[in-house]
Amino acid sequence: MNDDKRILLAVSAVVYLIIIFLLWDYSIDDAFVTFRYAENLSKGSGFVFNPGDKPVEGYSNFLWVLILSLTYSVGLPTYTTAKVLGVIFFLITGAVWFLYFENSPGKYMWLTGPFFLITPITAFWAVSGLELGLYAFLLVGLALAIFRKSLWSLAFGALLVLVRPEGFIIALVLVVTGLLAGGRSIWRQKKKFYILNIIVPAVTMTLLIIFRMVVFGYPMPNTFYAKSTFSLYSLTEMLKMSLYFLPLTAFFAVGIYRVTRKAEYDMRIIVFAVVLLCMVVINCTAHPVMNINLRYLTAFLPFYLAVALFALGSGDRRKLSRLVLAFSAISLMIPAGQVYSSVKLERKIMEAQTELIEFVKSKPPGTTISLTDVGRVPYYTDAICYDLWGLTSEDIAHTYFNPLRELRRFPEYFALVGYLGQDRPMIRFLNDRSITKSQGFDRAYDFIGAAMPPGANPYSEGYYYLIYEKNRRAVDSMLNISPRR
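The sequence shown runs 27 to 511 under the working numbering.
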């Protein structure tokens with residue numbers, strides 16, 4: 027039987043790698059922010075987005091920046107390294123979950139790893155360039171070390187704190203839930219173990235906050251302030267994805283019911299459910315775009331799957347459970363359509379960004395440009411880039427967006443997302459649009475063209491970059507400076 031299980035694991039790994047191959051040229055724009063920070067750190071510029079700037083923590087993945095800075099310093103290309111590491115970490119995560127449950131009493135829990143690997147969501151984020159593969163690996167490492175009372179949990183807990191801003195909360199919830207679910211006997215037997223697993227993440231978090239206060243002046247990353255906002259859309263996005271996996275979602279609820287009613291007590295199921303629900307609540311406080319295609323919840327998918335498969339395997343009707351299991355496996359592939367749409371859109375955006383990159387490269391090094399998408403364009407150019415969303419801008423993240431202030435930076439170019447429209451430019455994002463409506467923008471800047479995919483019609487709806495160039499004489503006049511000769 028174990029041989030059959032391992033064959034299925036191998037099949038799921040092949041499916042995962044096939045999807046990786048199909049999605050390989052995809053990467054999310056946000057990842058390039060991390061890449062730029064990592065390379066600037068490796069070059070000795072410090073934790074800065076633009077060399078020479080004041081340090082601003084414009085990333086949410088401190089440990090990932092350190093890792094990519096190290097790999098870049100030994101000559102490895104950051105873009106490819108990030109993708110390869112993401113693929114490997116997710117693959118290892120799936121294998122570890124499988125091995126842990128391979129001989130578990132739970133009839134179907136061994137499918138947690140294979141099911142995690144076959145869903146396109148996992149492969150989608152594996153090639154994104156983000157730290158999610160590492161995040162998933164550290165989560166499984168900490169969870170299993172806690173269950174086995176292994177001191178490796180101390181290392182996994184500390185690293186989890188370093189990899190994501192919410193890592194400390196997740197580590198603390200995982201440890202405390204494991205302790206409470208184990209009862210008084212566990213506390214009496216392993217008191218020192220649990221105390222250490224609370225102290226180590228707490229000390230790590232304290233040291234990280236001190237480091238941030240000294241270097242950046244704030245206790246949390248700049249992105250925490252820029253992205254934090256409660257939104258019902260964030261919740262509906264997650265609910266929509268849970269409906270894709272409807273059979274498993276139903277059994278996830280059944281699993282919680284069974285363990286809370288003591289019908290089948292399993293400490294691990296309680297821990298998985300509480301940690302997952304904790305992360306759902308945290309995600310609801312993030313900007314809605316952070317929840318597209320599950321994003322940070324992807325690393326927690328095995329927790330969801332383990333609870334659902336526990337409940338599915340606890341039934342007596344073998345034929346029915348196998349039928350539901352088949353439907354569950356199929357449901358994991360349903361997000362393929364949404365993943366394909368996301369990849370298709372990103373490829374169009376990448377084509378437009380390629381045109382903008384070529385335009386910026388034709389300008390002198392140090393040219394200043396303000397734009398919302400501050401990933402690929404800054405990474406592939408020598409421009410000084412101002413971030414209109416606020417990830418790398420301390421002003422926006424901490425004092426909110428002020429269009430007049432952004433205008434009066436007077437960059438040499440604005441690249442605003444939108445298209446020309448039939449009567450007037452149609453600007454996609456509110457921040458971009460508010461700048462064009464600021465008093466003096468029409469005097470200070472002239473529209474000079476659009477960066478868009480080859481053959482695209484700038485007058486039809488699309489995700490293009492409308493380029494505005496500074497009118498130096500008009501700006502000098504607004505600043506009461508004598509015109510330059």
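Glycine is no exception: its CB is placed at the ideal position from the N, C-alpha and C atoms.
This one's a predicted model, so the numbers in the text were calculated from it and none came from an experiment.
Here residue 278 is near residue 334, since their CB atoms are less than 8 Å apart. Each of 399, 497, 402 and 449 was checked against the Cα of residue 439, and the nearest Cα belongs to 497.
Under the rule that a run must span 3 or more residues, the beta strand (DSSP E) segments found entirely inside the segment 475-500 read 490-496. Judged by DSSP secondary structure, residue 112 falls outside any beta strand (DSSP E) and instead within the alpha helix (DSSP H) spanning 104-127. Between residue 485 and residue 477, the gap from beta carbon to beta carbon reaches 8 Å or more. A distance below 8 Å between beta-carbons, with the five flanking residues on each side excluded, links residue 474 to the following residues of its chain, in chain order: 493, 494 and 495. Here residue 253 has 312, 313 and 316 as same chain residues with Cβ atoms under 7 Å from its own Cβ, once five neighbours each way along the sequence are excluded. By a beta-carbon distance limit of 8 Å, residue 398 does not contact residue 409. Their separation comes to about 15 Å. About 6 Å separates the beta carbons of residue 168 and residue 179, which is inside the 8 Å limit, making them a contact pair.
Under DSSP, residue 410 takes part in a beta bridge, and its partners are 394. In this chain, the beta strand (DSSP E) harbouring residue 444 covers 439-445. Per DSSP, residue 75 is not a residue of any alpha helix (DSSP H), being assigned neither H nor E. Its Cα nearest to that of residue 501, the residue 435 stands out among 455, 435, 265 and 284.
The beta carbon of residue 294 sits closer than 7 Å to those of 173, all from its chain and outside the five residues before and after it, given in chain order.
If you keep only unbroken beta strand (DSSP E) runs of at least 3 residues inside the segment 167-231, you get nothing at all. Taking residue 51 as the centre and dropping the five residues before and after it, the same chain places the C-beta of 373 closer than 8 Å to its C-beta, in chain order. Taken through DSSP and simplified to helix, strand or coil, residue 336 comes out as helix. Spanning the alpha carbons of residue 444 and residue 186 requires a straight line of approximately 38 Å. Residue 234 has its alpha-carbon roughly 18 Å from the corresponding atom of residue 95.
For the options 405, 32 and 164, the alpha carbon positioned closest to that of residue 61 is the one of 405. Collapsing the DSSP output to three states places residue 368 in a helix. When secondary structure is reduced to three states using DSSP, residue 452 falls in the strand class. Residue 331 holds the alpha-carbon nearest to the alpha-carbon of residue 132 among 422, 331, 413 and 353. Residue 472 has 495 as its beta-bridge partners, per DSSP.
With a contact defined as Cβ atoms closer than 8 Å, residue 56 and residue 416 miss out at about 13 Å. In terms of Cα proximity to residue 241, the closest of 74, 305 and 423 is 74.
The Cβ neighbour count for residue 336, taken over all protein chains shown within 10 Å, is at least 16; the residue is labelled buried. Around the beta carbon of residue 109, 16 or more other beta carbons sit within 10 angstroms, so the residue counts as buried. The beta-carbon separation of residue 302 and residue 329, rounded to 4 Å, stays under the 8 Å limit for a contact.
In its chain, beyond the 5 residues on either side, 180, 183 and 184 have a beta carbon closer than 6 Å to the beta carbon of residue 226. In this structure, residue 34 lies away from residue 121, with their beta-carbon atoms at least 8 Å apart.
Selection 449, 228 and 65 evaluated against residue 93 yields 65 as nearest (Cα-Cα). C-alpha of residue 283 to C-alpha of residue 268: approximately 18 Å in a straight line.
Distances from the alpha-carbon of residue 46 to those of 285, 152, 271 and 310 put 152 closest. One Cα belongs to residue 191, the other to residue 142, and the distance between them is close to 24 Å.
A check of alpha carbon separations from residue 447 across 431, 487 and 389 identifies 487 as the nearest.
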